[in-house]
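In my numbering, the protein residues as written are 66 to 142.
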């Protein structure tokens with residue numbers, strides 16, 4: 066059985082995408098403080114604490130939806 070890929074690992078695979086999710090992936094890849102293990106709610110809180118614009122929060126939520134859609138065994142981590 067293959068090891069479950071975390072959301073952050075999955076997101077970083079989209080660094081070269083020319084999209085809002087690609088932009089987020091590049092930002093996350095460059096952020097040593099990104100809360101990889103805090104789940105969606107913790108990551109939203111992290112972005113809000115840093116003054117992220119609403120579009121960044123929306124993009125994070127869309128990225129989680131895409132991640133969950135491709136990962137039926139996802140546990141939200």
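The C-beta atom is built at its ideal place from N, Cα and C for all residues, glycine as well. Only a predicted model underlies this, so the values are computations on that prediction, with no experimental measurement involved.
field: Exposed unless 16 or more other CB atoms sit within 10 angstroms - verdict on residue 69
entry: exposed
- request: Check residue 116 in the structure and name its three-state DSSP category.
  value: coil
- prompt: If you run the structure through DSSP and keep just helix, strand and coil, what is residue 98?
  reply: coil
Where residue 82 sits in the DSSP three-state scheme: coil
field: residue 108, DSSP secondary structure in three states
entry: helix
query: If you drop the 5 nearest sequence neighbours on each side, which residues of the same chain put their C-beta closer than 6 Å to that of residue 111?
result: 100
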